[in-house]
Amino acid sequence: MQVDVGPVSRASARAWIAYASDILASLRDRPDIELIAGALDAFAAQLDEWRVIAERDEPFRWVSDEPPERVQYLVNALYWTGTIVEREASAGRARLRPPEADEFHVVLVHAALTALERESEADAHFVQELRGLWGIARRD
0 MQVDVGPVSR ASARAWIAYA SDILASLRDR PDIELIAGAL DAFAAQLDEW
50 RVIAERDEPF RWVSDEPPER VQYLVNALYW TGTIVEREAS AGRARLRPPE
100 ADEFHVVLVH AALTALERES EADAHFVQEL RGLWGIARRD
């Protein structure tokens, strides 16, 4: 399944990657936070790949053939990680995503969900359910 993220501004991509890297580091230091198994390692590897692209002198664009299961796993993990960060931020233990990272975040989520939605009926159902829960995933 092809996932096509972008084009999106380098500045937004860099801001999101830096923010996500900081959040990953802080979550790794919190053994009391339960995350989807392997999610932090999977995110870290993806961030390493995207960091190289974001350093180029052009808008960020990442196109990759990915197994639908991996995309679904990472999107689900991103959603749950976001809920953890929101909870931690409300308790003063984390910071929310900076506004300059919003463009990348929206493009990323929509690209992954659009690719999944077209993959199979089961994947389309997953996307529909997630859109009902996650404001950023909605199309309106």
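For the sequence shown, numbering that gives the first Met the number 0 assigns the number 0 to the initial residue and increments by one for each residue that follows.
Even glycine gets a Cβ: it sits at the ideal position worked out from N, Cα and C.
Three-way DSSP call (helix, strand, coil) for residue i in this model
| i | result |
| --- | --- |
| TRP61 | strand |
| GLY37 | coil |
| ASP31 | coil |
| PRO6 | strand |
Residue j beta carbon less than 8 Å from that of residue i
| i | j | result |
| --- | --- | --- |
| ALA12 | ALA41 | no |
| PHE125 | GLN71 | yes |
| VAL62 | ASP3 | yes |
| ARG94 | ALA100 | no |
| MET0 | ASP56 | no |
| GLU102 | SER8 | yes |
| ALA111 | VAL51 | no |
| TYR78 | TRP133 | yes |
| LEU115 | PRO67 | yes |
| ALA136 | VAL108 | yes |
| ALA151 | LEU23 | This structure leaves residue 151 out entirely; the chain is present only between 0 and 139. |
Where residue i falls, given that 16 or more other Cβ within 10 Å makes a residue buried
| i | result |
| --- | --- |
| ARG27 | exposed |
| VAL84 | buried |
| LEU129 | buried |
| GLU118 | buried |
8 Å contact criterion, which residue i and residue j should meet: CB distance rounded
| i | j | result |
| --- | --- | --- |
| PRO58 | PRO97 | The pair is not a contact, with the Cβ atoms about 19 Å apart (cut-off 8 Å). |
| THR80 | ALA38 | 7 Å |
Minimum Cβ-Cβ distance from residue i to chain D less than 8 Å
| i | result |
| --- | --- |
| GLY91 | No chain D is part of this structure, which consists of one protein chain only. |
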